[in-house]
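J.: Could you have a look at this structure, given as structure tokens, before my questions?
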Amino acid sequence: MLDALGDRESSTLRAYFDDIADSVPLSREREVELSARIQDGDQDARDELIQANLRFVIDVAKNYQNRGLSFPDLISAGNLGLMTAAERFDGTRGYKFISYAVWWIRQSILQTIAEHVRTVRLPLNKLSLLKDISKAT
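Per full-length UniProt numbering, the sequence shown starts with residue 1, numbered consecutively.
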């Protein structure tokens with residue numbers, strides 16, 4: 001995965017992987033607590049929730065490789081989606097944060113691909129339709 005990248009990009013990505021390697025998933029109770037603190041404007045709680053889920057962004061970004069964006073760009077787009085999810089998550093609804101965040105992560109990655117890959121920007125629903133057509137043929 002890192003072999004296709006340049007030396008500088010590869011070493012940066014390795015450092016990023018090393019930084020997030022020891023992040024521990026949060027318990028459901030901790031997610032609810034952090035969610036309440038985030039709603040009150042606590043930036044430290046937001047950072048903790050995001051930091052604990054950065055590894056998941058990499059897993060999602062792997063599914064979108066070879067679509068015209070570099071892997072680090074996919075990770076960056078996914079991280080933006082994770083940040084949006086952290087700000088909007090309501091822990092009192094009874095589901096885990098990552099179940100909620102995966103939609104935001106995918107949406108952010110797909111939006112970034114749609115904006116940067118094609119010369120002529122197409123709406124996401126049209127890109128989805130083109131993908132379905134190419135799969136069928």
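C-beta atoms are modelled at their ideal positions from N, C-alpha and C, and glycine is treated no differently.
Roughly how many angstroms lie between the CA atoms of Ala21 and Ser27, to the nearest whole one?
T.: 18 Å
J.: Using three-state DSSP, classify Asp21 as helix, strand or coil.
T.: Residue identity check: residue 21 is Ala in the sequence provided, not Asp. Coil at Ala21, not helix or strand.
J.: Is Asn125 helix, strand or coil when you go by DSSP?
T.: Asn125: helix per DSSP, three-state reduction.
J.: Would you please state the rounded distance, in angstroms, between the beta carbons of Ala114 and Leu127? I believe it to be under 8 Å.
T.: Contact between Ala114 and Leu127 holds, with the beta-carbon distance rounding to 5 Å and staying under 8 Å.
J.: Given Thr12, which residues of its chain have a CB within under 8 Å of its CB, disregarding the five upstream and five downstream residues?
T.: Once the five neighbours on either side are set aside, the close Cβ partners of Thr12 are Pro72.
J.: Taking the continuous alpha helix (DSSP H) assigned at Gly81, which residues delimit it?
T.: 71 to 88
J.: Measure the C-alpha to C-alpha separation of Val24 and Arg93 and round it to an integer number of angstroms.
T.: 23 Å
J.: When the Cα of His116 is compared with those of Leu49, Leu69, Ala15, which residue comes out closest?
T.: Leu69
J.: Count the other CB atoms, across all protein chains shown, that sit within 10 Å of the CB of Trp104; report buried if there are 16 or more and exposed otherwise.
T.: buried
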